[in-house]
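For the record, the sequence lines run as chains W and Z.
For the first sequence, the working numbering begins at 651 and goes up steadily by one.
For the second sequence, the working numbering begins at 618 and goes up steadily by one.
We put the beta carbon where it would ideally sit given N, CA and C, even for glycine.
As the structure is a computational prediction, the values presented were derived from the model and not from experiment.
Encoded as structure tokens, the structure appears first; notes follow it.
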Amino acid sequence: MNERSHIISALVEHKPGVLQRVAGLFTRRGFNIDTITVGETEKKKLARMTIIAKGDDKVLEQITKQLNKLIDVIKVRDLEMENTVKRELCLIKVHTPLEKIRSEVIQYAGIFRGRIIDVSPETLTVEITGDPEKIDALIDLLRNFGIKEVARTGPTAMSRGIKTI
Amino acid sequence: MVTGIATANMDSAPILAIAGQVPTHLIGNDAFQEVDMIGITIPITKHSFQANDANEIPGMIKSGFEIARTGRPGPVVIDLPKDIQEQELDKYHSHQLDLPGYKPTLKGHPLQIKKAAESILNAKKPVILSGGGVIISNASSELKELSNLIKAPVTTTLLGKGSFPEDEPASMGMLGMHGRKVANITVDECDCLIAVGCRFSDRTTGNLEEFANNAQIIHIDVDPAEIGKNVDVHVPIVGDAKTVLQQLLSIIKKQSLPNNKKWFNEVYEFKKSCIPRTSFEEDIPLKPQQVIKEISHVVDADTILTTDVGQNQMWMAHFFKSQKPRKFISSGGLGTMGFGFPAAMGAKVALPESDVVAVCGDGGFLMVSQDLATVKEYDIPVVICVLDNRYLGMVAQWQKLFFDKRMSHTYLGEVPDFVKLAEAFGVRAERVEKPGDTQEALQNAIKSGEPTLLDIIIDPDEILPMVPPGCGLTEIIGEYKVEREHPREITYKNTVKKPVEGE
């Protein structure tokens, strides 16, 4: 078994039920989806799905082929890790009852180019965008202060340069 | 309906299934008789639609037929909520197909065709494996031409039966777990396997590590996902069987053809040496081989034979020689018991001029025996041959062979009396117990022009030749008596491995 992480980018018709069809394929072939993001594209009728999944190359080839067979799927590509930019958005609600902690959190957020998007007497909510690894790093740092909640979108991705899928 | 859809999906049968749904405003409320038809059928359909407005229906029907019939055919479901069924169309206008994500590849890539032609021309021992795709794309004549040109013996899958005439010297019959010895051993020996329109099911290949190990494998299929899924192939070609075979033939015909006459004759001699015995003129209860021999004597090449699933099916696949495409109809991938009788009804309704005979087991027939009412009410004159051994024979066979004879839930019991059952529906019926009687009873049944059930009492102890699960194709057990010992013992290992767990 040659297990590794894959970024699969799929252009699909923007219709109800497509997500179910796509996700179902992964489960049926014993492939675990780590993250999946879906959103509109430059064309109104199309949506892009970005799926990150770990697994055997041969199984992945089969899944890509099966995805291509779905009528609602226009194009599928297994993006090369090194030639792909990927970004994820994350919201982190940190427990900050003390002024001292509060300013520290703001500082850290700044270093990571995050922003404070909500404040309450007890909490601060940080928004951060970037590589999943960068987000992991910030979450690790803020964990010491007491994280109340994390919401991550999962990465969305694109090939570098002029190439499109 | 779900079982039928799954059957069609496995066997690439084009069907458009229209399902009734609760009214749109009740969907998702667990309304009376609501079922998430789309959700249930997503994994077993080629595509599905749910109409939210009657004006969408014409487009869905048009797309549905297009998707079901083209490329690799398959089932399409259209789910129609009750209020949409009752809604009137504003205006009917013909629809343009709008399927940007659906473009089946029909023509083979020229480079791949060239590579395949090279492999074929270099082969000394070529074999053709013909699957259901050959029948679907009407490629039988191209396949035959290829076989003739390169002197390649032909074996088929279950669904491919009839794609190549089985009375031809080149025909080796079916391959696989219940295949013909000549086919299983020749595939093991060949140096080039040309697989057309098949999906290398585990029932066809046996243990993959031992499958056609000496061969360059060329795989032609319209579905790219089938290529490389089960068997690693040397030359993959995505395309329609007929188109690709024509492309291949046009190249091969221009080249000097290899002389494979010696190979062809060798296989032919070998085939003659292991023709299975089908005559059991003295045996009572009847041997299934004898029954099938008698059926073969009555039917002609245009008779449509359907089978159920289990021993009856494998006996038919093994012993019956099919001559033409679309005349042998069986449930392959899903092995849907209860398939034979309704399939025969369908065939008869579609082609009323053809004689249609269903060969069923007692267990499978009982799953659909209520359709005796259908054939009577609608006057559908099919003949149902129930091979009656009072067992779910195939499962019983596995229990005997692989589960220390721990027989469990495979004996059907004394009831019913199939003749009385049929007669209760007003259907003509006859019991057959002696050699020679099947032939006569079947002739009379076809002549009668009425739906008829033949209750044929057969020997419950008859076991197939078979390859145990997890074994290579050459490891045949339950071997029928052969007229002569086969001359090439080297390749034939008559050993039985313990079946692999979980199979």
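Residue interval of the beta strand (DSSP E) (run including residue i)
{"i": "Z:ASN877", "result": "No beta strand (DSSP E) contains Z:ASN877, which DSSP labels as neither H nor E."}
{"i": "W:THR714", "result": "Taken as a continuous stretch (DSSP letters only), W:THR714 belongs to no beta strand (DSSP E), being part of the alpha helix (DSSP H) at 707-719."}
{"i": "Z:SER629", "result": "Looking at the DSSP string, Z:SER629 is not in any beta strand (DSSP E), and its letter there is neither H nor E."}
{"i": "Z:THR772", "result": "771-773"}
{"i": "Z:VAL1003", "result": "1000-1005"}
{"i": "W:GLU799", "result": "797-802"}
{"i": "W:ILE657", "result": "653-663"}
{"i": "Z:MET789", "result": "788-791"}
{"i": "Z:GLN833", "result": "833-838"}
{"i": "Z:GLY671", "result": "According to the sequence shown, residue 671 of chain Z is Ala rather than Gly. Taken as a continuous stretch (DSSP letters only), Z:ALA671 belongs to no beta strand (DSSP E), as it is neither H nor E."}
Whole-angstrom distance between residue j and residue i, CA atom to CA atom
{"i": "Z:GLN667", "j": "Z:SER680", "result": "13 Å"}
{"i": "Z:GLY980", "j": "Z:PRO1082", "result": "21 Å"}
{"i": "Z:GLN987", "j": "Z:LYS699", "result": "28 Å"}
{"i": "W:VAL668", "j": "W:LEU729", "result": "21 Å"}
{"i": "W:PRO782", "j": "W:PHE681", "result": "21 Å"}
{"i": "Z:HIS836", "j": "Z:GLY814", "result": "8 Å"}
{"i": "W:LEU741", "j": "Z:PRO631", "result": "49 Å"}
{"i": "Z:SER780", "j": "Z:PHE897", "result": "29 Å"}
{"i": "W:ILE766", "j": "W:GLY804", "result": "20 Å"}
{"i": "W:PHE676", "j": "Z:VAL693", "result": "21 Å"}
{"i": "Z:ALA842", "j": "W:GLN712", "result": "6 Å"}
{"i": "Z:GLY984", "j": "Z:PRO902", "result": "A quick correction: the sequence has Met, not Gly, at residue 984 of chain Z. Near 24 Å, if we compare the C-alpha coordinates of Z:PRO902 and Z:MET984."}
{"i": "Z:PRO660", "j": "Z:ARG820", "result": "22 Å"}
{"i": "Z:GLU723", "j": "Z:THR774", "result": "Reading off the sequence shown, one finds Leu at residue 723 of chain Z, where the question assumed Glu. Z:LEU723 and Z:THR774: Cα-Cα distance of roughly 22 Å."}
{"i": "Z:GLY1030", "j": "Z:LEU1070", "result": "20 Å"}
{"i": "Z:SER971", "j": "Z:ALA625", "result": "23 Å"}
{"i": "W:ALA807", "j": "W:GLU777", "result": "19 Å"}
{"i": "Z:LYS1098", "j": "Z:LEU1090", "result": "At Z:LYS1098 the pLDDT is 38, less than 50, meaning the model places this residue with poor confidence and gives no usable figure here."}
{"i": "Z:PHE682", "j": "Z:ALA832", "result": "39 Å"}
{"i": "Z:HIS935", "j": "Z:LEU989", "result": "28 Å"}
{"i": "Z:PRO893", "j": "Z:ILE657", "result": "44 Å"}
{"i": "W:ARG793", "j": "W:ALA787", "result": "10 Å"}
{"i": "Z:ASN929", "j": "Z:LYS904", "result": "12 Å"}
Residue-level contact to chain Z via CB, residue i, 8 Å cutoff
{"i": "W:GLN757", "result": "no"}
{"i": "W:ILE658", "result": "no"}
{"i": "W:GLY667", "result": "yes"}
{"i": "W:GLU634", "result": "Only positions 651 to 815 of chain W appear in the structure, and residue 634 of chain W is not among them; the question remains open."}
{"i": "W:ILE815", "result": "no"}
{"i": "W:THR715", "result": "As written in the sequence, residue 715 of chain W is Lys, which differs from the Thr given in the question. At least one chain Z Cβ lies under 8 Å of W:LYS715."}
{"i": "W:GLY689", "result": "no"}
{"i": "W:VAL723", "result": "yes"}
{"i": "W:GLY674", "result": "yes"}
{"i": "W:LYS719", "result": "yes"}
{"i": "W:ARG810", "result": "no"}
{"i": "W:ARG698", "result": "no"}
{"i": "W:ARG765", "result": "no"}
{"i": "W:ARG727", "result": "no"}
{"i": "W:ARG752", "result": "no"}
{"i": "W:ARG678", "result": "yes"}
{"i": "W:GLN671", "result": "Residue identity check: residue 671 of chain W is Arg in the sequence provided, not Gln. Cβ-Cβ to chain Z under 8 Å: yes for W:ARG671."}
Boundaries (first-last residue) of the alpha helix (DSSP H) holding residue i
{"i": "Z:PHE666", "result": "Counting along the chain, Z:PHE666 falls outside any alpha helix (DSSP H), though it belongs to the beta strand (DSSP E) covering 664-667."}
{"i": "Z:GLN702", "result": "699-703"}
{"i": "Z:ILE737", "result": "727-739"}
{"i": "Z:ILE753", "result": "749-753"}
{"i": "Z:HIS914", "result": "905-915"}
{"i": "W:LEU675", "result": "668-678"}
Contact with chain W by residue i, beta-carbon distance below 8 Å
{"i": "Z:MET716", "result": "Met is not the amino acid found at residue 716 of chain Z; the sequence shown has Leu there. Taking Cβ atoms only, chain W reaches closer than 8 Å to Z:LEU716, which makes this a yes."}
{"i": "Z:ILE655", "result": "yes"}
{"i": "Z:PRO841", "result": "yes"}
{"i": "Z:HIS664", "result": "yes"}
{"i": "Z:PRO743", "result": "no"}
{"i": "Z:TYR1028", "result": "no"}
{"i": "Z:ILE767", "result": "no"}
Proximity test, residue i beta-carbon vs the ligand ATP heavy atom, cut-off 7 Å
{"i": "Z:SER896", "result": "Ligands are entirely absent from the displayed structure, and the ligand ATP is therefore not among its contents."}
Please give the ranges of any beta strand (DSSP E) in the region 1011-1052 of chain Z, keeping only runs that are unbroken, at least 3 residues long and fully inside the region. Counting whole runs of 3 or more residues, the region 1011-1052 of chain Z contains the beta strand (DSSP E) stretches 1045-1049.
Under 8 Å: do the region 1010-1028 of chain Z and the region 959-967 of chain Z share three or more Cβ pairs, one atom per stretch? In short, these stretches do not touch, since the Cβ pair count stays below three.
Do the region 1046-1059 of chain Z and the region 901-921 of chain Z meet, that is, are 3 or more Cβ pairs less than 8 Å apart? As far as the Cβ criterion goes, the region 1046-1059 of chain Z touches the region 901-921 of chain Z, which means the pair count is three or higher.
With a cut-off of 8 Å, do at least 3 Cβ pairs link the region 711-725 of chain Z to the region 717-725 of chain W? Here the region 711-725 of chain Z lies against the region 717-725 of chain W, with 3 or more beta-carbon pairs under 8 Å apart.
Sufficient close CB pairs (3 or more, under 8 Å) joining the region 656-674 of chain W to the region 741-750 of chain W: The region 656-674 of chain W is not in contact with the region 741-750 of chain W.
Taking contact to mean 3 or more Cβ pairs, one atom from each stretch, closer than 8 Å, check whether the region 844-852 of chain Z and the region 825-833 of chain Z are in contact. Enough Cβ pairs lie closer than 8 Å, so yes.
Under 8 Å: do the region 749-762 of chain Z and the region 871-888 of chain Z share three or more Cβ pairs, one atom per stretch? Contact between the region 749-762 of chain Z and the region 871-888 of chain Z is absent: fewer than three C-beta pairs spanning the two stretches fall below 8 Å.
Fully enclosed by the region 942-993 of chain Z, which alpha helix (DSSP H) runs are 4 residues long or longer? Restricting attention to alpha helix (DSSP H) runs no shorter than 4 residues, the region 942-993 of chain Z encloses them at 957-967, 979-983, ordered along the chain.
Proximal residues, the region 703-731 of chain Z versus chain B, C-beta separation under 8 Å: Given the protein chain composition of this structure (W and Z), no chain B is represented.
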